[in-house]
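Undergrad:
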Amino acid sequence: MTASMPTIERSTYANQAGWMLALLLVLFALSTPWWTERSSQRLLTEILYTLSLAQLWNLMAGYGGLLSVGQQGYIGLGGYCLVVMGLQWGLNPFIIVPLAGLVAAVVAIPTAAILFRLRGAYFAVGTWVMAEVFRLLVANTASVGGGSGTSITRTVTGMAVWWRESMTLWLAVVLGGGATLAVYALLRSRHGLALTAVRDSETAAESLGVSVNRMKWFVYIVAAAGCGMVGALIFITKLRIAPEAAFSMDWTAAMFFIVIIGGIGTVEGPIVGTFIYFLLRQFLSDYGSWYLIVLGGVAVGFMLWLPQGVWGLISHRFDIQFFPVQRRVRLGASQEAQS
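My numbering applies: residue 694 is where the sequence shown begins, and numbers increase by one.
If you want it as structure tokens, here you go:
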């Protein structure tokens, strides 16, 4: 009997089901302006842009090994692009969103040149210092409102409320879904293999010919650009911006919490973590500061006793992956019989 050759399994039933579910969720989100109330639409917008931030932070920390606690710096820069380009230059706020990403990417280049001289905890502290420098520069610039901030309502003057909020939601779908798809596509490519090798061992990756510095630069700049776009989108929804809110550490704290409880180093983890985060916020928001204490306690508990996160536990228990980044070798029929 002729032995059939082993094949590379690139897709599984769970993977196909995951794509179908993702498509249905995207269609659901895109259709909500026609049949949901405004408050639900705003909540969905917030969930989607938070998912985008979580995916970007997971790409940096979970795959690139870059533990940044200063991504709020690029969120704030994206928000203040609305002030400069919208209020002062008169550009449409939705056109500003991709431009804010470009600005953040450009700023990230010299910033990365400085930060990548640091290692470990010093790098993490350096990212926070960088964000604080951005905040202080903005707070001391009178032309963008200074420390008290400014209203950006004029950027949407003459725009129908339904259209503005619908466009905001659709952009959030693009950013949330786009970040997830982009991370998945990257990890399935040869660059994803290089990135995973860098995360596991920089020394071993370099010995195999992987350009560690190039991969880290790429991941850092991509994450900065994504945070810049999300920052602009966030403040289109809020219509007022101030340095304390735009450059708040709360943005990065939320990313950290979501990725840790969902499952760091997985595409599905930030998705699961985002829903858990918003469920906890919904049930605990009435308890004031206890809400933050509970979130912190949950995050610490996960790091100590469940470091793989909720999705890591589910994936290990049921051997299921909706967005698998590895490929499996399937043996031929005769080979399986012999084994």
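C-beta: ideal position from N, C-alpha, C; glycine also.
Would you mind listing the alpha helix (DSSP H) stretches within the stretch 791-874 that are 4+ residues and don't spill past its ends, in chain order?
TA: Whole alpha helix (DSSP H) segments, 4+ residues: 814-832.
Undergrad: According to the neighbour-count rule (16 or more other Cβ atoms, all chains shown, within 10 Å of its Cβ), is Val818 buried or exposed?
TA: The sequence position of residue 818 within the sequence shown is 125, counting from 1. So Val818 ends up on the exposed side.
Undergrad: If Thr967 and Ala747 are in contact, beta carbons under 8 Å, what's the gap, nearest whole angstrom?
TA: Here residue 967 refers to the residue found at position 274 of the sequence shown. Here residue 747 refers to the residue found at position 54 of the sequence shown. Rounded, the Cβ-Cβ distance is 6 Å, consistent with contact.
Undergrad: Thinking C-beta only, is Phe1016 closer than 8 Å to Ile953?
TA: Sequence index remark: in the sequence shown, residue 953 carries index 260 (1-based). Sequence index remark: in the sequence shown, residue 1016 carries index 323 (1-based). No, these two residues do not count as a Cβ contact at 8 Å.
Undergrad: Going straight from the alpha carbon of Ser841 to that of Ala935, what length do you get?
TA: Translated into positions along the sequence shown, residue 841 becomes position 148. Translated into positions along the sequence shown, residue 935 becomes position 242. Approximately 6 Å between the Cα atoms of the pair.
Undergrad: Quick check: Ser761 and Gly919, are their CB atoms within less than 8 Å of each other?
TA: On the sequence shown, position 68 is the one that residue 761 refers to. On the sequence shown, position 226 is the one that residue 919 refers to. Contact: no.
Undergrad: Inspect the CB distances between the stretch 995-1004 and the stretch 953-962 and report whether three or more fall short of 8 Å.
TA: The answer is yes - the stretch 953-962 touches the stretch 995-1004, with three or more Cβ pairs under 8 Å.
Undergrad: Under a three-way DSSP split, which group does Ile1013 fall into?
TA: Taking the first residue of the sequence shown as 1, we reach residue 1013 at position 320. DSSP places Ile1013 in coil when its eight states are reduced to three.
Undergrad: Could you please give me the residues that DSSP links to Ile934 through a beta bridge?
TA: Here residue 934 refers to the residue found at position 241 when the sequence shown is read from its first residue. Paired residues: Thr843.
Undergrad: Give me the residue from Ile964, Gly771 and Thr959 with the minimum Cα distance to Arg892.
TA: Start at 1 with the first residue of the sequence shown, and residue 892 comes out as number 199. When each option's Cα is compared against that of Arg892, the closest is Thr959.
Undergrad: Measure the alpha-carbon distance for Ser733 versus Trp910 and round it to whole angstroms.
TA: Here residue 733 refers to the residue found at position 40 when the sequence shown is read from its first residue. Here residue 910 refers to the residue found at position 217 when the sequence shown is read from its first residue. Looking at the two C-alpha atoms, the distance is approximately 38 Å.
Undergrad: From the DSSP output, in three-state form, read off Thr729 for me.
TA: One-based indexing of the sequence shown puts residue 729 at position 36. It is coil, neither helix nor strand.
Undergrad: Going by C-alpha distance, which of Ser894, Leu749, Ala754 and Ala917 is nearest Gly869?
TA: Here residue 869 is taken as the residue at index 176 of the sequence shown, counted from 1. Gly869 has its Cα closest to that of Leu749, out of Ser894, Leu749, Ala754 and Ala917.
Undergrad: Return the first residue and the last residue of the alpha helix (DSSP H) that Ala890 is part of.
TA: Here residue 890 corresponds to residue number 197 of the sequence shown, with the count starting at 1. Residues Arg883 to Asp893.
Undergrad: Whole angstroms is fine: what's the gap from Leu795's alpha carbon to Phe787's?
TA: Position 102 of the sequence shown, counted from the first residue, corresponds to residue 795. Position 94 of the sequence shown, counted from the first residue, corresponds to residue 787. Cα-Cα distance, rounded: 14 Å.
Undergrad: So, helix, strand or coil for Val903, using DSSP?
TA: In the sequence shown, the residue the question calls residue 903 occupies position 210. Note: Val903 maps to coil in three-state DSSP.
Undergrad: Are Trp856 and Leu723 close, meaning C-beta to C-beta below 8 Å?
TA: On the sequence shown, position 163 is the one that residue 856 refers to. On the sequence shown, position 30 is the one that residue 723 refers to. Cβ atoms of Trp856 and Leu723: not closer than 8 Å.
Undergrad: For the stretch 769-787 against the stretch 931-948, are there 3 or more C-beta pairs whose distance is under 8 Å?
TA: Verdict: yes, contact present.
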